[in-house]
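Peer 1: Plus 2 on top of the position in the sequence shown (first one is 1) and you've got our numbering.
Note that CB positions come from ideal geometry on N, CA and C, so glycine has one too.
All values derive from a computational prediction rather than experimental measurement.
Pasting in a structure now, in structure tokens, and then I'll have a few things to ask.
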Amino acid sequence: MEKQKAFQLDVVSVRIVKDAPLFSDRKIQNPKDAVSLLGEMLCEMDREVVCVINLKTDGTPINCNIASMGTISQAIAEPRELFKSAILSNAAQMILVHNHPSGTLEPSKDDTIMTDRILKLSGFLGIPLIDHVIVGGDNSRYFSFREKEMLIMPKITLTQDYHYLDFGQKTMAAEKGRGR
């Protein structure tokens with residue numbers, strides 16, 4: 003009989019690796035500040051790039067992470083990539099900045115869906131999304147979800163009594179009751 007090997011669980015370390023710095027000790031108070039930090043670099047890109055600027059509570063940038071590099075017309079950015087650097091940096095808040103190489107600043111359907119998803123998740127994680135800014139063309143104009151009053155932090159109410167937790171069981175019980 004062959005002896006079975008014992009299961010080994012790998013221990014991993016997750017660390018932030020610093021790249022070339024963006025020089026800014028200037029607080030980010032509004033979308034223009036975010037654009038002045040990253041806009042020029044993003045407007046030179048030939049494909050969509052999504053960046054996360056991680057901030058301290060007073061708006062001072064901690065770092066910037068290029069979370070996704072896509073095609074000429076879209077960049078797919080999943081929440082895990084967008085929040086990874088914010089969590090590792092102990093960020094108090096975050097700003098998304100991405101470019102439209104076409105120069106069109108109007109958010110796409112995908113941009114709006116991503117913003118809504120990140121806004122909701124940021125409330126749960128305690129790292130508020132304070133803006134999503136789109137740059138393009140010659141970097142003289144931008145689109146800010148915050149300035150357009152499209153960023154409304156959802157009210158999150160958490161259950162405080164375990165008797166009221168659902169976990170989908172009530173839904174499953176209701177379906178069984180209907181003969182499904």
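#1: Counting pairs of Cβ atoms below 8 Å between the region 25 to 45 and the region 76 to 94, do you hit three or more?
#2: If distances are taken between C-alpha atoms only, which option among Lys34, Ser104, Met152, Arg143 comes closest to Thr73?
#3: So, with DSSP's three-state summary, where would you put Gly138?
#4: Candidates Glu83, Gly170, Asp48, Gly128: which alpha carbon is nearest Thr59's?
#5: Do you know offhand how far Lys34's Cα is from His100's?
#6: Give the single residue among Asp48, Lys20, Leu57 whose Cα lies nearest to the Cα of Ala36.
#7: Out of Gly61, Met152, Val19, which has the shortest C-alpha to C-alpha gap to Ile68?
#8: In the DSSP assignment, the alpha helix (DSSP H) including Phe85 goes from what residue to what residue?
#9: Can you tell me whether DSSP reads Ser104 as helix, strand or coil?
#10: Let me know if Gln162 comes out buried or exposed under the rule of 16 or more other beta-carbons within 10 Å of its beta-carbon.
#11: Just the C-alpha distance for Asp12 and His134, rounded to the nearest angstrom, thanks.
Peer 2: If we stick to the structure as given:
#1: no
#2: The sequence position of residue 73 within the sequence shown is 71, counting from 1. Thr73 has its Cα closest to that of Ser104, out of Lys34, Ser104, Met152, Arg143.
#3: Here residue 138 refers to the residue found at position 136 when the sequence shown is read from its first residue. In the structure shown, Gly138 sits in a strand (DSSP, three-state: E or B).
#4: Position 57 of the sequence shown holds residue 59. Selected option, being the one with the closest Cα: Gly128.
#5: Taking the sequence shown and counting its residues from 1, the one referred to as residue 34 is at position 32. Taking the sequence shown and counting its residues from 1, the one referred to as residue 100 is at position 98. C-alpha separation (whole angstroms): 14 Å.
#6: Here the question's residue 36 lines up with position 34 in the sequence shown. Minimum Cα distance to Ala36 is reached at Leu57.
#7: By one-based count along the sequence shown, residue 68 stands at place 66. Of Gly61, Met152, Val19, the residue nearest in Cα terms is Val19.
#8: As a position in the sequence shown, residue 85 is number 83, starting the count at 1. Counting along the chain, the alpha helix (DSSP H) containing Phe85 begins and ends at 81 to 90.
#9: Residue mapping note: residue 104 aligns to position 102 of the sequence shown, counting from 1. Coil.
#10: By 1-based counting over the sequence shown, the position of residue 162 is 160. Label assigned to Gln162: exposed.
#11: If you number the sequence shown from 1, residue 12 lands on position 10. If you number the sequence shown from 1, residue 134 lands on position 132. Answer to the nearest angstrom: the Cα atoms are 37 Å apart.
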